[in-house]
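A.B. asks:
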Amino acid sequence: MSETQTRTLPRVMRAEHIGQDLLRWLTDNRETWEPALRDSGALLFRGFGVDSPEALRSCIEATSTEWASYRERATPRTAVGDNIFTSTEYPPKEVIPLHNENSHCTSWPQKLYFCCVTPADTGGETPLADCREVLAAIPAAIRDEFAERGWRYRRHFGLLGFSWQDVFGSGDRDQVEAYCRENAMDVEWGADDSLTVTYLRPAIHEHPTTGEPVWFNHGLFFNPFSLDPEIREVLIDSVGVEGLPYNTTYGDGETVPESVLQEIAQAYRAHTRTFPWQQGDLLFVDNMLVAHGRRPFTGNRRILVGMADPWPPDAVSA
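Position one of the sequence shown corresponds to residue 10 (my numbering), numbered consecutively onward.
1) Quick one: what's residue 198 bridged to in DSSP?
2) Quick check on this structure: which residue in 133, 168, 207, 268 has the alpha carbon closest to the alpha carbon of residue 201?
3) For residue 138 and residue 111, I'd like the C-alpha separation in whole angstroms.
4) Do you know offhand how far residue 56's Cα is from residue 48's?
5) With respect to the alpha helix (DSSP H) encompassing residue 294, which residues constitute its N-terminal and C-terminal limits?
6) In whole angstroms, give me the CA-to-CA distance for residue 115 and residue 297.
7) Quick test of the definition: if touching needs 3 or more C-beta pairs under 8 Å, does the region 217–226 touch the region 130–145?
8) Where does residue 119 fall in DSSP's three states?
9) Going by DSSP, name the residue or residues bridged to residue 27.
10) Taking C-alpha atoms, which residue in 183, 206, 238 lies nearest to residue 193?
11) What does residue 259 pair with, by DSSP beta-bridge criteria?
12) Pull up the CB-CB distance for residue 18 and residue 315, whole angstroms please, since I reckon it's below 8 Å.
13) I think residue 134 touches residue 286, with their Cβ atoms under 8 Å apart; what is that distance to the nearest whole Å?
14) Could you please give the first and the last residue of the uninterrupted alpha helix (DSSP H) stretch that includes residue 240?
15) I'd like to confirm the pairing. Which residues does DSSP put opposite residue 304 in its beta bridges?
16) Go ahead and label residue 120 buried or exposed: buried means 16 or more other beta carbons lie within 10 angstroms of its beta carbon, across all protein chains shown.
17) DSSP has residue 97 in a bridge; who is on the other side?
18) Give a yes or no on whether the C-beta atoms belonging to residue 212 and residue 160 are separated by under 8 Å.
19) Classify residue 10: buried if its beta carbon has 16 or more other beta carbons within 10 angstroms, exposed otherwise.
20) Enumerated in chain order, which unbroken segments of the alpha helix (DSSP H) with a length of 4 residues or greater are wholly contained in the region 138–188?
21) If you run the structure through DSSP and keep just helix, strand and coil, what is residue 57?
22) Please report how far the alpha carbon of residue 164 lies from the alpha carbon of residue 59, in whole angstroms.
23) Tell me whether the region 94–112 and the region 292–306 touch, counting them as touching only if at least three CB pairs, one residue from each stretch, are closer than 8 Å.
24) Excluding sequence positions up to five away, which residues of its chain have a Cβ less than 6 Å from the Cβ of residue 330?
25) Enumerate in chain order the residues of its own chain whose CB-to-CB distance from residue 248 is below 8 Å, with the five nearest sequence positions on each side excluded.
26) Assign residue 150 to one of two classes, buried (16 or more other C-beta atoms within 10 Å of its C-beta) or exposed (fewer than that).
27) If you count every other CB in all the chains shown that lies within 10 Å of the CB of residue 81, and 16 or more means buried, which is it?
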């Protein structure tokens, strides 16, 4: 069995006794958790009682060097303090497909942190997938095609979804255009004050610490293929393909065949792992090594999120 096949996701690190100080443990045992994070891609600290914005913030500050901003927002969240947010606020019955945070941007957080304030009554897991394994599971011909052509993203800010003012944090067209230029995004304004941006990004990246290749992109996540078929049909009937908030193609603009999208989706499914949340859990994720999502749930699920260590460090922020 290969090393990849024997990885545990997430690797669980349990408190040795009630009331154990996680901050002290993280500070004193960096040589333990850092290699474990690089190997597994996600660590689950259980039994330490991390269940508040303040506790989460302290853990992030102890294990990172810089906060990462939530750039080019694509999902609804509520801030619950400086740099701490609720997890994506989609309706409980919906699935959030696997993705890597901000992997469609020119900068993204290297580290993600989730803490469980209130677990769901049923469901609500945060599925994980090792992006090294996902890449290896995608047929070689498809991998090679995307390595050469990349993904082209199209975001349309019109009748559906977020406004461009919310996404880019400004109502000034000149400021938005300047940001887009600095981040290699083409801009097209509509007569109705709508905005369409298109941009080319790689499908495969090299992890900055381990040097491993990873499948790191929003190509499937932003493609209409990922929508429920009935919802997709209703949206297209309502606003047309050009009016959809998100779409992706090959880097040269050619449509990605559904058979290729199915192969990518299957690679994610084959390497998805889940665990049941418990109150006080802290999940520490290497955002480039591991993708995350959300399962449907019932009850008052509350998961808090923080992001840290932007990469590359000199990128332009929205």
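For glycine and all other residues, C-beta sits at the position ideal for the given N, C-alpha and C.
These figures come from a predicted structure and were not determined experimentally.
C.D. replies: Judging by the given coordinates:
1) Looking at the DSSP assignment, residue 198 forms a beta bridge with 204.
2) Nearest to residue 201 by C-alpha distance, out of 133, 168, 207, 268, is 168.
3) Approximately 16 Å, taken between the alpha carbons.
4) Whole-angstrom Cα-Cα distance: 22 Å.
5) Counting along the chain, no alpha helix (DSSP H) covers residue 294; the unbroken beta strand (DSSP E) around it starts and ends at 291–295.
6) Cα-Cα distance, rounded: 13 Å.
7) A contact exists between the region 217–226 and the region 130–145.
8) Three-state DSSP puts residue 119 in a strand.
9) In the DSSP output, where bridge partners are listed per residue, residue 27 has none listed.
10) Sorting 183, 206, 238 by C-alpha distance to the C-alpha of residue 193 places 206 at the top.
11) Residue pairing of residue 259 in beta bridges, as defined by DSSP: 160.
12) The Cβ separation is near 20 Å, so there is no contact.
13) That pair is a contact at about 7 Å.
14) Residue range 238–248 is occupied by the alpha helix (DSSP H) that includes residue 240.
15) None; residue 304 has no bridge partner.
16) Buried, by the Cβ-count rule.
17) Per DSSP, residue 97 has no beta bridge partner at all.
18) Contact flag set, yes.
19) Legend: pLDDT at residue 10 = 18, less than 50; position of this residue unreliable, no value from coordinates given.
20) Counting only runs of 4 or more, we get 140–146, 149–158, 173–177.
21) Per DSSP, reduced to three states, the secondary structure at residue 57 is coil, with no helix or strand assignment.
22) Each residue's alpha carbon lies about 36 Å from the other.
23) These segments touch.
24) Here the chain comprises residues numbered 10 to 327, so residue 330 is not present and cannot be evaluated.
25) Excluding residues up to 5 positions away in sequence, 167, 168, 169 lie with their Cβ nearer than 8 Å to the Cβ of residue 248 in the same chain.
26) Per the 10 Å Cβ criterion, exposed.
27) By the neighbour-count definition (other C-beta atoms within 10 Å, threshold 16), residue 81 is a buried residue.
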